[in-house]
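Structure first, commentary second.
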Amino acid sequence: MPIVTSTELFKKAYDGGYAIGAFNINNMEIVQAITEAAAELKSPVILQASQGARKYANSVYLVKLVEAAAELHPELPIVLHLDHGADFATCKDCVDNGFTSVMIDYSSHDFEANVEESRKVAEYAHERGAVVEAELGTLAGIEDAVSVDADKAMFTDPDQVEEFVNRTGVDSLAIAIGTSHGAYKFKPGTDPKLRLDILAEVSRRLPGFPIVLHGSSSVPQEYVRIINENGGALKDAIGIPEDQLREAAKGAVCKINIDSDLRLGLTAGVRQHFAEHPDHFDPRQYLTDGRKNVKDIVAHKITAVLGSDNKI
Ligand SMILES: [Zn+2]
Numbered sequence: 013m014p015i016v017t018s019t020e021l022f023k024k025a026y027d028g029g030y031a032i033g034a035f036n037i038n039n040m041e042i043v044q045a046i047t048e049a050a051a052e053l054k055s056p057v058i059l060q061a062s063q064g065a066r067k068y069a070n071s072v073y074l075v076k077l078v079e080a081a082a083e084l085h086p087e088l089p090i091v092l093h094l095d096h097g098a099d100f101a102t103c104k105d106c107v108d109n110g111f112t113s114v115m116i117d118y119s120s121h122d123f124e125a126n127v128e129e130s131r132k133v134a135e136y137a138h139e140r141g142a143v144v145e146a147e148l149g150t151l152a153g154i155e156d157a158v159s160v161d162a163d164k165a166m167f168t169d170p171d172q173v174e175e176f177v178n179r180t181g182v183d184s185l186a187i188a189i190g191t192s193h194g195a196y197k198f199k200p201g202t203d204p205k206l207r208l209d210i211l212a213e214v215s216r217r218l219p220g221f222p223i224v225l226h227g228s229s230s231v232p233q234e235y236v237r238i239i240n241e242n243g244g245a246l247k248d249a250i251g252i253p254e255d256q257l258r259e260a261a262k263g264a265v266c267k268i269n270i271d272s273d274l275r276l277g278l279t280a281g282v283r284q285h286f287a288e289h290p291d292h293f294d295p296r297q298y299l300t301d302g303r304k305n306v307k308d309i310v311a312h313k314i315t316a317v318l319g320s321d322n323k324i
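So the sequence shown is numbered by my numbering: it starts at 13 and just counts up by one.
If you want it as structure tokens, here you go:
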């Protein structure tokens with residue numbers, strides 16, 4: 013299947029009470045792991061590249077890797093999405109080079125600037141058959157160059173969402189309801205709670221409109237343990253409880269972003285491999301184990317969190 017936009021996928025997800033996983037890609041093994049899990053479970057999938065990923069791998073490699081996955085899995089609907097586009101120029105570059113979906117993240121600017129930049133991106137993308145995600149509110153945490161202190165994070169104000177969507181014409185909206193970027197989200201012993209009341213109010217104001225959650229890794233403790241038992245030194249942290257994400261996916265949330273969990277899985281696989289086989293130096297050997305963990309995690313998310321299996 014050619015790479016598609018998320019329009020139809022979100023419509024079905026909204027009506028069906030599930031969400032589509034948006035998984036971050038940086039290299040071939042990650043693209044393979046995500047798409048193999050999605051194809052086996054008959055789940056549509058969003059592959060997203062951040063600016064950091066484009067810088068690391070070169071955007072051309074990422075686009076071609078996703079095209080290869082689409083060719084190898086002709087039945088699988090795949091969206092190629094830009095995660096956290098910083099400005100119009102970055103979004104334009106991606107639309108011009110094969111991305112079917114872009115995020116313009118002007119959420120750290122004031123409301124009017126956010127409206128203006130998001131509107132400009134939406135106009136450009138729509139003329140070329142691509143779709144646009146924008147963000148209102150600010151998440152805590154670190155993603156590539158974007159770092160926001162917890163005290164600067166702000167929940168989305170439901171009073172702003174109708175005006176924002178109407179004036180910009182964007183196709184989906186990322187909101188801040190307590191999720192957080194990165195692997196160090198919350199201290200152990202705390203009880204992270206998503207503000208599902210804000211989500212409910214946003215969806216009441218925007219009936220039928222797809223909502224996006226960023227920073228939705230759950231930081232599986234099993235992989236943190238494997239990493240630390242095999243030479244790693246990760247600090248203790250917990251992520252977003254999966255049952256709360258499942259609840260959000262049943263409503264207006266149509267896209268859930270997951271990155272850190274895949275990184276943890278890949279790293280755990282590689283570290284465990286080296287601990288067990290200190291004499292190995294063939295990347296195919298240790299990356300096979302890392303890739304297997306990523307595939308297992310994606311499969312788990314699809315069935316237990318997103319509910320997007322058997323939807324193709
Ligand atoms: Zn994000």
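Where is the CB? At the ideal position from N, CA and C, for every residue including glycine.
- Ligand 1 has a heavy atom closer than 7 Å to the beta-carbon of Asp95.
- The three-state secondary structure of Lys24, taken from DSSP, is helix.
- In this structure, ligand 1 has a non-hydrogen atom nearer than 7 Å to the beta-carbon of Gly227.
- Note that the segment 258-268 does not touch the segment 285-304; fewer than 3 beta-carbon pairs, one per stretch, sit closer than 8 Å.
- Annotated as proximal: Ile324 and Glu87, with beta-carbon spacing under 8 Å.
- In the three-state reduction of the DSSP assignment, His121 falls in the coil class.
- Between Cys103 and Ala152, the gap from beta carbon to beta carbon reaches 8 Å or more.
- A check of alpha carbon separations from Gly319 across Glu129, Met166, Glu139, Tyr30 identifies Tyr30 as the nearest.
- Within the model, the alpha-carbon separation for Glu254 versus Ser230 is close to 6 Å.
- Residue pairing by DSSP places Phe198 opposite Ile250 in a beta bridge.
- Put simply, the backbone Cα of Leu59 is about 23 Å away from that of Ile189.
- Looking only at Met166, Ala101, Val265, Gly244, the smallest Cα-Cα distance to Ala212 is reached by Val265.
- DSSP places Met115 inside the beta strand (DSSP E), whose first and last residues are 113-116.
- In the DSSP assignment, Ile58 falls within the unbroken beta strand (DSSP E) covering 57-62.
- Cβ-Cβ distances below 7 Å link Val173 to Leu148, Leu185, Val214, Arg217, Leu218 in the same chain, with the five nearest sequence neighbours on each side left out; the list follows chain order.
- Within the model, the alpha-carbon separation for Val78 versus Leu276 is close to 22 Å.
- Rounded to whole angstroms, Glu129 and Tyr118 show a C-alpha spacing of 7 Å.
- The beta-bridge partner set that DSSP reports for Lys267 consists of Ile32, Val224.
- With contacts defined by Cβ atoms closer than 8 Å, Ala249 and Gly181 do not form a contacting pair.
- Fully contained in the segment 254-313 are the following beta strand (DSSP E) runs of length 3 or more, in chain order: 265-270.
- If you draw a straight line from the Cα of Glu41 to the Cα of Arg303, it is about 6 Å long.
- Counting the other CB atoms within 10 Å of its CB gives His93 a total of 16 or more, which places it among the buried residues.
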